Amino acid sequence: MEPIILIHGGAGDIPQNRVKGKLDGVKVAVIAGHKILAQGGSALDAVEAAVLSMEDDENFNAGYGSVLNLRGEVAMEASIMRGEDLNAGAVTLVKDFPHPISIAYKVLTDSPHSFIGGEGAKLFALDKGFTTVPPESLISENAKNALEEFLQHGELGRTEIGMKNEGGVG
Amino acid sequence: TVGAVAIDKYGHIAVATSTGGMSGKAVGRIGDTPLIGSGTYADDNIGGVSTTGHGESILKYCLAHSIIKLMENGTDANTATKEAVTGMTNRLKNTAGAITLSKNGDVGIYFSSKRMSWAYIKSNKIFYGIEHN
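Below is the structure:
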């Protein structure tokens, strides 16, 4: 079988000034994932690598650069699934960790459960050796501006600033 | 939201999706991304899907699994992706996007939103985009 990797960096009302960063970011991420496949690695490791790359990139709404809730906090969620045996791992309401996808991966491989949230996800992550980061280290200027704009205009569902008249964003 | 679908040399498929959600969301709000069948689905016998867009709509439509079921019934990856995303948008009046890989390596990409960034590598060539068409 020829290895293939396909990724996305989010759908929505992406303003023109964010286009280049997103295109650059998806190219870096897809190459990171493909490198794993080219070396004979598993599809599971490849999708984790690609998502990790985008979680570290401010241009995407995941990990560092995640948008903020009404309290100005980053609260992330992630899932990962293996098609061979339909096993899956998922986490939600994750704070203070830079890579929720890796915690979800651990839920898949090292837990009898499939989905862990909030305080339980934090306890699970710490038990598996993940370390926390200061919450402000995950907050980007774009995320702060997006929340400020939401609080001023009240348009729920916008993950980007500078565009109007289209809701429904990733 | 970000996501990835891959098939390795053994024909095994995996999917990963990660998100910060939506700006101004309620404390404690959960979207589609961590829900298997909505934000993510993988089955070696059919294919894999990762979705992005309006979370409340995607989870009500079980968008990822909707695409998989269309493919299970013989629809190709690209058509299944377009039909399910369009169906969700028509029914729930919100936008979404999805990426799909079939067990045979066929690629599906579609979004009803204004833009969606995507990229894939197949036959050692990189393809990428963000606009319609």
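Keeping their order, the protein sequence lines are chains A and B.
First residue of the first sequence: 1, per my numbering; consecutive thereafter.
First residue of the second sequence: 1, per my numbering; consecutive thereafter.
Just so you know, even glycine gets a beta-carbon here, dropped at the ideal spot from N, CA and C.
Predicted, not measured: the structure shown is a model, and the values here were computed from it.
Of all alpha-carbon atoms in Gly21(A), Ile4(A), Leu151(A), the one lying nearest the alpha-carbon of Gly65(A) is that of Gly21(A). Any Cβ of chain B closer than 8 Å to the Cβ of Phe124(A) would place that residue at the interface, and such an atom is absent. By the CB criterion at 8 Å, Ala98(B) and Tyr110(B) fall inside the cutoff. By the criterion of a C-beta distance shorter than 8 Å, Met71(B) is surrounded in its chain by Ile46, Gly47, Ala77, Ala80, Thr100, Ser102, once the five residues flanking it on both sides are discounted. Residue state for Met76(A) is assigned as strand, using DSSP reduced to three classes.
With a 10 Å radius around the Cβ and a threshold of 16 neighbouring Cβ atoms, Ala26(B) comes out exposed. Here Gly21(B) is buried. Its C-beta has 16 or more other C-beta atoms within 10 Å.
Contact check for Ala29(A) against Ile36(A) fails: the beta carbons are separated by 8 Å or more. Residue burial annotation: Glu2(A) is exposed, with fewer than 16 other C-beta atoms found within 10 angstroms of its C-beta. Rounded to whole angstroms, Ser53(A) and Phe124(A) show a C-alpha spacing of 23 Å.
For Met116(B), the uninterrupted beta strand (DSSP E) segment begins and ends at 115–122. Considered as a whole, the segment 42–105 of chain B harbours 55–61, 63–72, 77–92 as its complete alpha helix (DSSP H) runs of no fewer than 4 residues, in chain order. In this structure, Ser38(B) sits away from Asp44(B), with a CB-CB distance that is not shorter than 8 Å. It is roughly 7 Å from the alpha-carbon of Ile80(A) to the alpha-carbon of Ile101(A).
In the three-state scheme derived from DSSP, where H, G and I count as helix and E and B as strand, Ser102(A) is classed as helix. Using a CB distance cut-off of 8 Å, Glu48(A) counts as an interface residue toward chain B. For a cut-off of 8 Å, the C-beta gap from Tyr128(B) to Leu23(A) is around 6 Å, short enough to register as a contact. Around the C-beta of Ile126(B), fewer than 16 other C-beta atoms lie within 10 Å, and the residue is accordingly described as exposed. Contact between Glu73(A) and Ala62(A) does not hold, since their C-beta atoms are separated by about 15 Å, which reaches or exceeds 8 Å.
Interface with chain A (8 Å Cβ-Cβ cutoff): Ala84(B) is excluded. Within chain A, Ser79 have C-beta atoms less than 7 Å from the C-beta of Gly39(B), given in sequence order.
With a threshold of 16 other beta carbon atoms within 10 Å, Gly9(A) meets it and is buried. Under the Cβ criterion of 8 Å, Ile67(B) is not counted among the residues facing chain A. Going by DSSP, Phe111(B) is part of the beta strand (DSSP E) stretching over 107–111. Lys93(B) and Asp57(A) have their alpha carbons spaced roughly 30 Å apart. Residues of the segment 128–145 of chain A with a Cβ closer than 9 Å to any Cβ of chain B, in chain order: Leu138, Ala143.
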